[in-house]
Amino acid sequence: MNIALQSANEILDHFDSYDIIPEITKTQLLKLTEGDFLFRDQLDLAESIHLHIKVPATDKLPHQDLIDHGGVPQNEKDGYIKYAFPSGVHLIFSSIPVSQEERAGLSLFNYPHLDHIGIDIRKDDTTSYDVFNQIPELADRNYLPYKRQGGDGTSVYCCHVAVNEKYWVYPKGRPHFEFAFGPLVVSDTVFGCDLRPADPSLHIPEEQPACCGGSTKETAETSLAGASRCC
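Going by this note's numbering, the letters in the sequence shown line up with residues 311 to 541, in that order.
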């Protein structure tokens, strides 16, 4: 995708006055537009990207102003909300634990905090999947820890949405990267929530606790073949 950087930066500049945009956000967004960005091929396939920002309380966000500036609220739950913008750079805010580090009490950050940058590949054709699966090799070649989530018939769930699978990459000293593959499936019923996997170097035990106020077990009504859970 071509990132509408100017439009996205105007939104970020405006909402910086509310102290909900981390200082590093614009710099990290700019790095995605550079020609030597490691995951350029994956980004080119993306329908959108999202910036997942931790805030103290989502109910204190300037919701009406976000809407007035083109944000469309999506996937809202207690402590979690996504605003989709025409620029294709979407903002996700959460105040609930969405990562294994948070659940384990190992997260040390000041608000607002950019937890990760999401690259949303909504295509599910074979060619796109081949490019998606280049991520582990790219990460290994550049000494970046990574983690696969979902896949092989297991989907990843986030509140009441699901995708086929994800890769997470953990650059040192930078926000994590999330690569989501497959169409975003939305349900009015909570699927549950797979936490964001921790950086493997932290050696946090694997677990599947619920977040977003739901169970990790999807209901019969919303049961899907092959989705993975994570806010």
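All residues carry an ideal CB built from backbone N, CA and C; glycine is no exception.
DSSP places Leu-424 in the strand class (E or B) of the three-state scheme. Its Cα nearest to that of Ile-363, the residue Leu-322 stands out among Leu-322, Pro-396, Thr-343, Phe-347. The three-state secondary structure of Glu-516, taken from DSSP, is coil. Look at Pro-446 here: in three-state DSSP terms it is helix. Judged by DSSP in its simplified three-state form, Glu-320 adopts helix. Apart from sequence neighbours up to five positions away, the residues of its chain that approach Arg-432 with a beta-carbon distance below 6 Å are Glu-357, Pro-493, ordered along the chain.
Around Asn-452, the same chain offers Leu-348 as residues with beta carbons nearer than 8 Å, after the five sequence neighbours per side are excluded.
Checking the DSSP bridge columns, you'll see Ala-314 has no partner listed. Under the three-state reduction of DSSP, Arg-451 is assigned to helix.
Fewer than three Cβ pairs drawn from the region 407-418 and the region 336-355 lie within less than 8 Å of each other, which leaves the two stretches out of contact.
Remark: C-beta atoms of Pro-485 and Leu-448 do not approach each other more closely than 7 Å. Going by beta carbons, Phe-395 and Gly-415 fall outside the 7 Å limit. The beta-bridge partner set that DSSP reports for Gly-398 is empty. In the structure shown, Glu-411 falls within a helical segment according to DSSP collapsed to helix, strand and coil.
Burial is judged here by how many other beta carbons sit within 10 angstroms of a residue's own beta carbon; Gln-316 has fewer than 16 and is exposed.
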